[in-house]
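Okay, so here's the structure we're looking at.
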Amino acid sequence: MKVWVYLGLGLLLALLLPGAVLAQRSVGDVTADEVNAVARDLFCPTCESTPLDVCPTQTCQDWRDLIRQQLAEGKSKPEILDYFAANFGPQVLSEPPRQGFNLTVWVVPVVLLLLGGGIFSFSLYRLKQAGTALPAPAATQSPPPKTNTTLDPYREQIERELGVGE
Numbered sequence: 001m002k003v004w005v006y007l008g009l010g011l012l013l014a015l016l017l018p019g020a021v022l023a024q025r026s027v028g029d030v031t032a033d034e035v036n037a038v039a040r041d042l043f044c045p046t047c048e049s050t051p052l053d054v055c056p057t058q059t060c061q062d063w064r065d066l067i068r069q070q071l072a073e074g075k076s077k078p079e080i081l082d083y084f085a086a087n088f089g090p091q092v093l094s095e096p097p098r099q100g101f102n103l104t105v106w107v108v109p110v111v112l113l114l115l116g117g118g119i120f121s122f123s124l125y126r127l128k129q130a131g132t133a134l135p136a137p138a139a140t141q142s143p144p145p146k147t148n149t150t151l152d153p154y155r156e157q158i159e160r161e162l163g164v165g166e
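Per the numbering used here, residue 1 is the first one in the sequence shown, and the count goes up by one each step.
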């Protein structure tokens, strides 16, 4: 019986040990693409509105090294972003957190879009109702247009002076 227990524990260790060894990564094992996947969601602390993954400053290089180190320690992207937000403020995040006052950045555009769509639909509905309220045009011929008789003496005088109609 003891042999089976030792054999089972040995087999279990043999299966788990390679996974534990592979899970430990060194800083050199983290690729630049993995670092940039996190860095593109952060802004440079010294340059205004410059993503961390493309900023050439020394500060950004230090931050990318810190990201590389944290990835090697096994931290996830949200954990790293939370670390930077906690230490340097939420302004370093490219996407504001969806809480508190920052929630308005996410809610207001949706509300305005829905409100604008409602106003547009209502306007189209009113135009359609106004268009159907007009009477249909008559099928009979319309009378000839009326001439303005008050201008006839002036027109005759101009025609006489110009010699038109002679």
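The beta carbon of each residue, even a glycine, is placed where N, CA and C say it ideally should be.
Predicted model, so just to flag it, every value in this text is computed and none were measured.
Between Val92 and Ala86, the beta carbon gap of about 10 Å keeps them out of contact (Cβ cut-off 8 Å). From the listed residues Glu161, Ala32, Ala39, the smallest Cα separation to Glu79 is found for Ala39.
For Val35, the closest C-alpha among the options Leu112, Ala130, Ser49, Leu71 is that of Leu71. Shown here, Leu42 sits in a strand according to DSSP, grouped into three states. A straight line joining the alpha-carbon of Phe120 with that of Ser76 spans about 45 Å. Partner residues in the beta bridge of Pro51, as assigned by DSSP, are Phe43. DSSP lists Leu42 as the bridge partner or partners of Leu93.
The continuous alpha helix (DSSP H) containing Gln157 extends over residues 152–162. In the DSSP assignment, Phe101 falls outside any alpha helix (DSSP H), carrying neither H nor E.
Around the CB of Phe43, 16 or more other CB atoms lie within 10 Å, so the residue is classed as buried. The Cβ-Cβ distance between Phe88 and Pro45 falls below 8 Å.
Trp106 counts as exposed, since fewer than 16 other beta carbons sit within 10 angstroms of its beta carbon.
In this chain, the alpha helix (DSSP H) harbouring Pro78 covers 77–88. Rounded to the nearest whole angstrom, the CA to CA distance from Leu114 to Thr50 is 32 Å.
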